[in-house]
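Numbering (my numbering), first residue to last: 23 to 453.
Here's the structure we're looking at; comments come further down.
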Ligand code: PLP
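Shown next as structure tokens:
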């Protein structure tokens with residue numbers, strides 16, 4: 023039986039590992055080592071030449087990280103994955119693996135602020151242009167494409183708007199040109215499987231729901247193995263032309279004996295080797311502990327967020343509730359299509375009384391943590407207008423979906439009565 027034929031609840035506990043061969047340990051060991059003994063000089067040179075796969079040095083691979091990589095690959099129905107030091111590193115490397123100086127990518131405007139900064143400033147300064155388009159119109163991706171476009175990029179369930187991205191529509195446009203769609207699925211693990219809808223690559227901040235306990239920063243890039251890079255040699259030169267940094271390897275050819283993993287092997291053997299944003303095995307262990315209960319936690323996050331959305335929808339101090347269950351028209355069609363596993367743990371709402379009431383509400387919360395984070399098992403809240411989005415003009419704030427009274431909740435897995443009680447008392451104080 024292949025690992026992928028099992029259900030998510032089973033895969034998170036069993037994929038990629040069955041007892042430590044050296045000790046019989048059932049929990050995944052933390053292989054806290056920098057280097058690995060070669061069996062012979064021939065073995066060593068085979069590893070370096072990619073004739074054999076195996077461990078060389080923990081900046082590039084590690085057996086604990088490998089279990090995490092295999093588990094998430096199995097969950098997503100992909101071919102292989104790469105664990106890196108943070109979600110930010112995953113986003114950056116996912117793009118840098120294809121785009122070089124003078125190239126561009128087309129990205130949805132609806133992004134986490136850190137990714138926005140990476141794209142609008144740092145990648146631009148490194149010679150990679152990011153063209154931002156409104157995801158409401160998938161055809162905007164086609165219009166922004168030229169012969170230097172190497173990738174499309176978007177988030178499945180971006181906040182604050184919580185409008186699901188049209189994955190299949192944009193992936194199909196990309197396929198015409200030989201352009202892969204990279205999806206940041208951080209807010210919707212298990213709820214959405216982007217590969218089923220045509221995405222070529224998935225990135226995660228494992229810091230959020232996958233880790234789930236707010237202990238460790240980490241990221242993952244997952245390769246579907248389904249993108250036909252070799253059919254588009256001019257569009258995708260990074261994978262189809264000799265790479266001087268790896269003795270002239272042409273990645274689509276070099277990895278053929280291993281499988282359809284040119285994209286992820288290149289990321290590991292060149293970018294991770296050179297940029298060094300390695301994932302610590304201790305953090306991988308922590309994230310594996312989180313992953314083992316992800317299906318249970320996601321069900322509770324979704325159930326509690328739905329109850330919070332319903333409660334806020336009936337509250338007289340609340341002007342609007344932002345949650346996929348309250349959408350209509352095309353936005354609803356997209357959330358019905360792509361969030362087949364549940365509507366997620368994020369809820370936004372606007373207070374009728376505006377900015378000061380938003381701040382007062384946050385200051386009055388007793389159980390919710392006031393933090394710039396999402397996806398923890400604990401409930402979290404933030405008032406974006408006075409924090410994460412405070413540098414933006416009022417106009418730009420509104421265009422990103424942040425009004426003065428907007429509050430973002432990442433609903434946790436505490437008992438729902440306690441969550442509602444905290445919201446209720448804070449609303450009473452705020453208005
Ligand atoms: N992607 C999304 C959707 C995020 O929310 C975040 C962080 O908040 C990131 C990526 C970056 O992840 P990290 O903080 O692990 O670098």
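A virtual CB, placed ideally from N, CA and C, is assigned to each residue, including glycine.
This structure is a prediction, so every number in the text was calculated from the model and none was measured.
Figure out for me which residue from 303, 252, 296 has the closest Cα to the Cα of residue 278. As a first step, residue 278 is located in the chain shown; it is residue number 256 there, counting from the start. A check of alpha carbon separations from residue 278 across 303, 252, 296 identifies 252 as the nearest.
Less than 6 Å between the CB of residue 134 and some heavy atom of the ligand PLP, yes or no? To locate residue 134, count along the chain shown from 1; it is residue 112. Checking every heavy atom of the ligand PLP against the Cβ of residue 134, one is found closer than 6 Å.
Any heavy atom of the ligand PLP closer than 6 Å to the beta-carbon of residue 206? Here residue 206 is taken as the residue at index 184 of the chain shown, counted from 1. Residue 206 Cβ: within cutoff of the ligand PLP.
Tell me which same chain residues have a C-beta within less than 7 Å of the C-beta of residue 170, skipping the five on either side of it? Stepping through the chain shown from its first residue, residue 170 is reached at position 148. Counting only residues of its own chain and dropping the five nearest sequence neighbours on each side, residue 170 has a CB closer than 7 Å to the CB of 124, 125, 126.
So for residue 119, helix, strand or coil by DSSP? As a first step, residue 119 is located in the chain shown; it is residue number 97 there, counting from the start. Note: residue 119 maps to coil in three-state DSSP.
Could you tell me if the beta carbon of residue 109 falls within a distance shorter than 6 Å of some heavy atom in the ligand PLP? Taking the first residue of the chain shown as 1, we reach residue 109 at position 87. A distance criterion of 6 Å places the beta-carbon of residue 109 in contact range of the ligand PLP, judged by its closest non-hydrogen atom.
Using a Cβ-Cβ cut-off of 7 Å (strictly less than) and excluding sequence neighbours within five positions of residue 53, which residues of its own chain qualify? Here residue 53 refers to the residue found at position 31 of the chain shown. Residues of the same chain with a CB within less than 7 Å of the CB of residue 53, apart from the 5 flanking positions on each side, are 84, 85, 86, 303 in chain order.
Close-in-space but distant-in-sequence residues of the same chain around residue 65 (CB under 8 Å, 5 per side omitted): Working through the chain shown from its first residue, we reach residue 65 at position 43. The beta carbon of residue 65 lies closer than 8 Å to those of 74, 76 in the same chain, with the five residues before and after it left out.
Cβ-based neighbour list, residue 301, same chain, cut-off 7 Å, excluding 5 preceding and 5 following: Walking along the chain shown from the start, residue 301 turns up at place 279. Closer than 7 Å at Cβ, skipping near neighbours: 87, 105, 106, 107, 240.
Taking Cβ positions, are residue 216 and residue 188 nearer each other than 7 Å? Along the chain shown, one-based indexing puts residue 216 at 194. Along the chain shown, one-based indexing puts residue 188 at 166. No, they are not a contact pair.
Which first and last residues belong to the alpha helix (DSSP H) in which residue 94 is found? Indexing the chain shown from 1 puts residue 94 at position 72. Following the DSSP letters along the chain, one finds residue 94 inside the alpha helix (DSSP H) bounded by residues 85 to 98.
Given the structure, does residue 238 come close to the ligand PLP, in the sense that its CB is under 6 Å from one of the ligand's heavy atoms? Counted from its first residue, the chain shown places residue 238 at position 216. Short note on residue 238: C-beta not closer than 6 Å to any heavy atom of the ligand PLP.
Between which two residues does the alpha helix (DSSP H) containing residue 371 stretch? As a first step, residue 371 must be located in the chain shown, where it is residue number 349. In the DSSP annotation of this structure, residue 371 is not part of any alpha helix (DSSP H); the continuous beta strand (DSSP E) holding it starts and ends at 368 to 373.
What whole-angstrom Cβ distance do residue 200 and residue 257 have, given they're in contact under 8 Å? For this step, residue 200 is matched to residue 178 along the chain shown. For this step, residue 257 is matched to residue 235 along the chain shown. Separation of the CB atoms of residue 200 and residue 257 is rounded to 4 Å, and the pair is thereby assigned contact status at 8 Å.
Within 6 Å: the Cβ of residue 227 and any heavy atom of the ligand PLP? As a first step, residue 227 is located in the chain shown; it is residue number 205 there, counting from the start. Taking 6 Å as the cut-off, the C-beta of residue 227 counts as close to a heavy atom of the ligand PLP.
Got a sec, what are the start and stop residues for the alpha helix (DSSP H) residue 280 sits in? Here the question's residue 280 lines up with position 258 in the chain shown. It is not in any alpha helix (DSSP H) - residue 280 carries neither H nor E in the DSSP assignment.
Taking the C-alpha atoms as reference points, what is the distance between residue 259 and residue 274? Taking the chain shown and counting its residues from 1, one reaches residue 259 at position 237. Taking the chain shown and counting its residues from 1, one reaches residue 274 at position 252. Straight-line Cα distance between these residues: approximately 10 Å.
Who are the Cβ neighbours of residue 281 in its own chain at under 7 Å, not counting the five residues just before and after it? One-based indexing of the chain shown puts residue 281 at position 259. Cβ neighbours of residue 281 beyond the five flanking positions: 101, 247.
In three-state terms, what does DSSP make of residue 144? Within the chain shown, residue 144 is the residue found at index 122, counting from 1. Residue state, collapsed to three classes: helix.
With a 10 Å radius around its C-beta and 16 neighbouring C-beta atoms as the bar for buried, classify residue 406 as buried or exposed. One-based indexing of the chain shown puts residue 406 at position 384. Classification for residue 406: buried.
Three CB pairs or more closer than 8 Å across the stretch 194 to 208 and the stretch 147 to 164: In the pairwise beta carbon analysis, the stretch 194 to 208 is classified as touching the stretch 147 to 164: at least three pairs are separated by under 8 Å.
Cutoff 6 Å; reference residue 272; Cβ partners in own chain excluding five residues on either side: Along the chain shown, one-based indexing puts residue 272 at 250. Non-local beta-carbon contacts of residue 272 in its own chain, meaning distances under 6 Å to residues more than five positions away in sequence, involve 264 in chain order.
Distance, residue 153 Cα to residue 292 Cα: By 1-based counting over the chain shown, the position of residue 292 is 270. By 1-based counting over the chain shown, the position of residue 153 is 131. About 26 Å.
So, using beta-carbon positions, are residue 423 and residue 183 closer together than 7 Å? Here the question's residue 423 lines up with position 401 in the chain shown. Here the question's residue 183 lines up with position 161 in the chain shown. Contact check for residue 423 against residue 183 passes: the beta carbons are separated by less than 7 Å.
Count the C-beta pairs between the stretch 421 to 438 and the stretch 393 to 405 that are closer than 8 Å, then say yes if the count reaches three, no if not. Output reads yes: the stretch 393 to 405 touches the stretch 421 to 438.
Have a look at 62, 294, 287, 203 and flag the residue whose alpha-carbon is nearest the alpha-carbon of residue 167. Residue 167 sits at position 145 when you count from the first residue of the chain shown. Shortest Cα-Cα distance from residue 167 to any of 62, 294, 287, 203 involves 203.
Quick one: what's got a C-beta closer than 6 Å to residue 42's C-beta in the same chain, skipping five residues either side? Walking along the chain shown from the start, residue 42 turns up at place 20. So the qualifying residues of the chain are 51.
Residues bridged to residue 205 by DSSP? Here residue 205 is taken as the residue at index 183 of the chain shown, counted from 1. According to DSSP, residue 205 bridges with 176, 224.
How many angstroms separate the CA atom of residue 349 from the CA atom of residue 343? For the purposes of this step, residue 349 is identified with residue 327 of the chain shown, where counting begins at 1. For the purposes of this step, residue 343 is identified with residue 321 of the chain shown, where counting begins at 1. Looking at the two C-alpha atoms, the distance is approximately 10 Å.
Per-residue DSSP class, three states only, for residue 392: Translated into the one-based positions of the chain shown, residue 392 becomes position 370. Judged by DSSP in its simplified three-state form, residue 392 adopts strand.
Under the three-state DSSP convention, the category residue 436 falls into: Translated into the one-based positions of the chain shown, residue 436 becomes position 414. Residue 436: coil per DSSP, three-state reduction.
For residue 23, I'd like the list of residues in its chain whose CB is within less than 8 Å of its CB, leaving aside the five on either flank, ordered along the chain. As a first step, residue 23 is located in the chain shown; it is residue number 1 there, counting from the start. In this prediction, residue 23 has a pLDDT of 37, which is less than 50 and means its spatial position is unreliable; what the coordinates show is noted afterwards. Contacts found: none.
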